[in-house]
Amino acid sequence: MSAQADEDESPKPAPVRFAHESEEEFARLLDFYGVAWQYEPRSFPLREEDARVVEAFTPDFYLPALDLYVELTTLKQSLVTEKHRKVRRFQERYPELQVKLLHRADYLSLLAKYGFGPFSELEAASIHEVLISASELERRVGELGTQISRDYRDEQPLLIGVLRGVTCFMADLMRHISLPVSIDFMAISSYGGAESGAVRIVKDLDEPLEGRPVIVVEDIVDTGMTLNTLLAGLWLRRPASVKVCALLDKRVRRLVDVPIDYVGFEIPDEFVVGYGLDFRQKFRNLPFIATLKREWLMAQDPKEIERPE
């Protein structure tokens, strides 16, 4: 039997069973950025009685590349107090070792501090939670591309991206479509209030639409007012068909029952950033979809929080 065969038949390591979902979330972030980790690597004696260990500390993670132990914690005060006590005791007994007590909200700040991820300290501190991970985005966008390929197998659709938040989604989506496609872009701006549906075309299409199958690619659909007006304008150009593919559907905010033929994810009524979506031109290059901290958002100009569709 070959060495390769021996290697293939060797037992695979058992999957890690995390004690808490926050540990699994932290591990996913570490995996995405290629940061090696060990879960509950070892226990450190903190107190002995009669030559017997009566208290020990087992950090949640060890990051070999940073030579850092990490203990995750929650906002529950009694738990925080106890973990602080153990961490202090650990530092007293093992001063040569590094340990960090980490709240869930500080995951990204820690990675940014050590140069992992496209975050400044300000950006990392503004993020509340990862709503849709990079791996979830990759998987779902692939599924959408496969579905579109099936539906248009005898056609060559024209993909129309609505700038600017759609850039990441559009690029990834068309790579997963296994048939010839054409692309074009529109840039629009809303006026008269977010719920008016009034639209001004900032950049029009270069491609003609008459007689062609069209797929409008959107980053996010909110009230549906802007998209409804946009679709009405496109139909005036006499395409063969018009369908809509939206990465995010904030259906809870819908005012117009606009048709969406392909939906990536339905999301709650939260302001989201990442994967092309921005706030003041920040956060666009995050590899995932995240929500921003409510208290941070409340300190900003309310007019800027109303994102046009």
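Here the sequence shown is numbered in our numbering, starting from 39 and rising by one per residue. Just so it is clear, CB atoms sit at the ideal spot from N, CA and C, and this is done for glycine as well. As the structure is a computational prediction, the values presented were derived from the model and not from experiment.
- Per DSSP, residue 190 is not a residue of any beta strand (DSSP E), being assigned neither H nor E.
- Distance from the CA atom of residue 138 to the CA atom of residue 311, rounded to whole angstroms, is 28 Å.
- For residue 220, the three-state secondary structure derived from DSSP is strand.
- Proximity of the segment 221-229 to the segment 195-211 meets the contact definition, three or more beta-carbon pairs being nearer than 8 Å.
- The three-state secondary structure of residue 295, taken from DSSP, is coil.
- With contacts defined as CB atoms closer than 9 Å, residue 302 and residue 284 qualify as a contacting pair.
- Judged by their CB atoms, residue 326 and residue 170 are nearer to each other than the 9 Å cut-off.
- By the criterion of at least three beta-carbon pairs nearer than 8 Å, the segment 56-70 is not in contact with the segment 84-94.
- Counting along the chain, residue 70 sits inside the alpha helix (DSSP H) bounded by residues 59-70.
- Excluding the 5 residues flanking it on each side, residue 117 has same chain C-beta neighbours closer than 7 Å at 111, in chain order.
- Excluding five sequence positions before and after residue 292, the CB atoms of its chain that fall closer than 7 Å to its own CB belong to 261, 262, given in chain order.
- It is roughly 21 Å from the alpha-carbon of residue 93 to the alpha-carbon of residue 140.
- Residue 184 counts as exposed, since fewer than 16 other C-beta atoms from the protein chains shown sit within 10 angstroms of its C-beta.
- Cβ neighbours of residue 280 within its own chain (closer than 7 Å, five residues either side excluded): 252, 254, 269, 272, 273.
- Per DSSP, reduced to three states, the secondary structure at residue 319 is coil, with no helix or strand assignment.
- Secondary structure remark: continuous beta strand (DSSP E) runs of at least 3 residues inside the segment 92-124, in chain order: 99-101, 106-111.
- Pairing residue 313 with residue 148 gives a Cβ-Cβ distance that is not under 9 Å.
- A direct Cα-Cα distance of roughly 31 Å separates residue 332 from residue 240.
- Secondary structure note for residue 236: it is in no alpha helix (DSSP H), and the uninterrupted beta strand (DSSP E) holding it is 236-241.
- Sorting 250, 84, 100, 60 by C-alpha distance to the C-alpha of residue 74 places 100 at the top.
- Under the DSSP assignment, residue 333 falls in the alpha helix (DSSP H) whose first and last residues are 332-336.
- Around the beta carbon of residue 145, 16 or more other beta carbons lie within 10 angstroms, which makes this residue buried.
- By the C-beta density criterion, residue 152 is exposed, having fewer than 16 other C-beta atoms within 10 angstroms.
- Around the beta carbon of residue 103, fewer than 16 other beta carbons lie within 10 angstroms, which makes this residue exposed.
- Cβ-Cβ distances below 6 Å link residue 317 to 311 in the same chain, with the five nearest sequence neighbours on each side left out; the list follows chain order.
- With 16 or more other Cβ atoms inside 10 Å of its own Cβ, residue 287 counts as buried.
- Here residue 248 is exposed: its Cβ has fewer than 16 other Cβ atoms, across all protein chains shown, within 10 Å.
- The Cβ atoms of residue 166 and residue 328 sit closer than 9 Å to each other.
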